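Just so you know, we're using the numbering used here here: the sequence shown kicks off at 717 and counts up by one.
Glycine included, every Cβ here is placed at the ideal spot set by N, Cα and C.
Predicted model, so just to flag it, every value in this text is computed and none were measured.
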Amino acid sequence: MLKKAGNQGKIIFDMDGVITGEECYWNTASLVVWELLYSKRYLGLEPEAGLPEFKAAVTPGEIASIRKVVFQEDKVIAFIKKRAVNSNWDLAFLIFGYQLMLLWRVLSGKGLENTAWVKGKKGFDREHLRTLSSLLSSSDTPWRPSFEAILGNWTGEARGAELMQKLSAQLPGRYRELAETVFNSFSPLWKLAQDIFQEWYFGEEKYRAIYHREPAAPGKRGLIYDEKPLLPVEKIKDTLGQLLKKGWTLGIATGRPLNELHSPLKSMGIWELFDPGSIVTFDDVQKAEQSLKAEHQKFSLGKPHPFSFLKAYWGERFKERELVLSTFSRPQPGKCWIVGDSLADLMAAREMGAFFIGVLSGHSGADSKSLFDKEGARFVLPDITYIPHYIAEINGPASKQ
């Protein structure tokens, strides 16, 4: 099917939980936390009941067991997603970061605040995790992670990237100073967690082909091969086709890198249905962050920041720095619709002045409806197949259904 030039306006889709499934990503995130805690390359803890010893070749049953423990039967996923964390890299990092915070609290309580490794460490990475591992192995009292503890009342009103600041606030003295350099998406430890995530997701061969380097832990198969569309492919294609016929331009704003987006959409036969100038991925977000950083402007532009949706809507009309630092006309009412499954998507849509359609096909399912209604979603629908009916006759502001 060929794309027609849209005259109705633009509909921008988030991907995971909307068109693509997230199960493989959540499995991957749980494996990242498991590896950082239990691999001898990192903290090297002894796994507790329900968790296997670390190894690269894990079975589907072992993955399910790891996810069940790390995410507390997915309660942790729901907890984090409700606080507008959109990136699964951030999900993995926050879960591990919370355990690291608990460990630092214990060490602080033992009077280890003035230990040399704590002072002035601004590049906390794998070697520092190994130092922590040595401290733990020499301790009389073994330390164990508490995966359920993150479900407590520590976040306050914090959302998105603010949660990392909240982690630092849980610590005293020098440990807080250290944490402030660690708990952010620009730190070496965050990048380490991201790299481990990519190893698990792509697997050894694909990781090597993409990044042109050896994985730190060889032997991983790659969870990307288990990825499935969220809905039957024919229903997705029919829905997008109906919207194109009605004159809508279709865009994408996703936290996935392009190399994790193109293949699944191509295999579904829907890649060509989206306007190339309206597709924004993590790569575009990262490029903009690095460009601003070169100007001494440090921003985290992932959702709930509206950058990716703004870029998908305006295309090349504005430069990246203008989309972040300048004010400009909002989309005309009814001319820009954002389709997402999370609070992060809704917050970004609201800030840019777009109408939001919340779909209940994501992790929280029907539980998201009350939140979407409360936060002002224009429509709340079971999944994307309902969209053509609800916006078929819209030529401006619509009544809430």
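Which term fits residue 972, buried or exposed, when burial requires 16 or more other beta carbons within 10 angstroms of its beta carbon?
buried
Report the rounded CA-to-CA distance for residue 1069 versus residue 979, giving the unit in angstroms.
31 angstroms
For residue 1082, I'd like the list of residues in its chain whose CB is within less than 8 angstroms of its CB, leaving aside the five on either flank, ordered along the chain.
1076
On a CA-only basis, which of 852, 726, 779, 776 is nearest residue 756? Give me that one, please.
852
Taking the Cβ atom as the reference point for each residue, do residue 1031 and residue 994 lie within a distance shorter than 8 angstroms?
Going by C-beta atoms, residue 1031 is nearer than 8 angstroms to residue 994.
Would residue 1039 pass as a contact of residue 1026 if the rule is Cβ separation under 8 angstroms?
yes
Tell me the rounded alpha-carbon separation between residue 724 and residue 963.
5 angstroms
Determine which residues share a DSSP beta bridge with residue 1093 and list them.
Its beta-bridge partners do not exist; DSSP assigns none.
Would residue 747 and residue 815 qualify as a contact pair, given that the criterion is a beta-carbon distance under 8 angstroms?
no
Find out if the Cβ-Cβ distance for the pair residue 825, residue 1057 is shorter than 8 angstroms.
no
How is residue 1034 classed by DSSP in three states: helix, strand or coil?
coil
Let me make sure I understand the geometry here. Which of 891, 953, 1010 has the alpha-carbon closest to that of residue 987?
953
Work out the CA separation of residue 795 and residue 1117 for me, nearest whole Å.
A caution first: residue 1117 carries a pLDDT of 38, below 50, which makes its placement in the model unreliable, though a value can still be read off. Cα-Cα distance, rounded: 28 angstroms.
Buried or exposed: where does residue 909 fall if 16 or more other Cβ atoms within 10 Å of its Cβ makes it buried?
buried
Anyone know if the C-beta pair for residue 1053 and residue 968 falls short of 8 angstroms?
no
Is it buried or exposed for residue 914, if we count other Cβ within 10 angstroms and need 16 for buried?
buried
Going by the beta-carbon positions, is the gap between residue 709 and residue 1093 smaller than 8 angstroms?
Missing from the structure shown is residue 709; the chain here goes from 717 to 1117 and no further.
Can you give, in chain order, each stretch of the alpha helix (DSSP H) that sits fully within the region 964-1001 and has at least 4 residues?
Uninterrupted alpha helix (DSSP H) stretches at least 4 residues long and entirely within the region 964-1001 occur at 974-984, given in chain order.
If we count the other Cβ atoms within 10 Å of its Cβ and call it buried at 16 or more, is residue 902 buried or exposed?
exposed
Can you tell me the Cα-Cα spacing of residue 935 and residue 1096, whole angstroms?
43 angstroms
Which whole-angstrom value describes the C-beta separation of residue 1012 and residue 738, a residue pair presumed to lie in contact below a C-beta threshold of 8 angstroms?
At roughly 35 angstroms, the Cβ-Cβ gap does not stay under 8 angstroms, so residue 1012 and residue 738 are not in contact.
Count the C-beta pairs between the region 841-852 and the region 869-878 that are closer than 8 angstroms, then say yes if the count reaches three, no if not.
no
Quick check on the DSSP output: the alpha helix (DSSP H) that includes residue 906 runs from which residue to which?
904-927
Roughly how many whole angstroms lie between the Cα atoms of residue 933 and residue 772?
7 angstroms
What's the C-alpha gap between residue 887 and residue 1071?
Approximately 40 angstroms between the Cα atoms of the pair.
Whole alpha helix (DSSP H) runs in the region 1006-1082 with 4 or more residues, listed along the chain?
1023-1030, 1036-1041, 1059-1068
How would you write the range of the alpha helix (DSSP H) that residue 798 sits in, first residue to last?
Taken as a continuous stretch (DSSP letters only), residue 798 belongs to no alpha helix (DSSP H), as it is neither H nor E.
Cα separation between residue 894 and residue 911?
22 angstroms
Going by the beta-carbon positions, is the gap between residue 743 and residue 939 smaller than 8 angstroms?
yes
So is residue 783 buried or exposed if we call it buried at 16+ other beta carbons inside 10 Å?
buried
Excluding five sequence neighbours on each side, which residues of the same chain lie with their C-beta closer than 7 angstroms to the C-beta of residue 1023?
1001, 1004, 1017, 1039, 1040
Among the residues of its own chain, which have a CB less than 7 angstroms from the CB of residue 974, if the five just before and after it don't count?
997, 999
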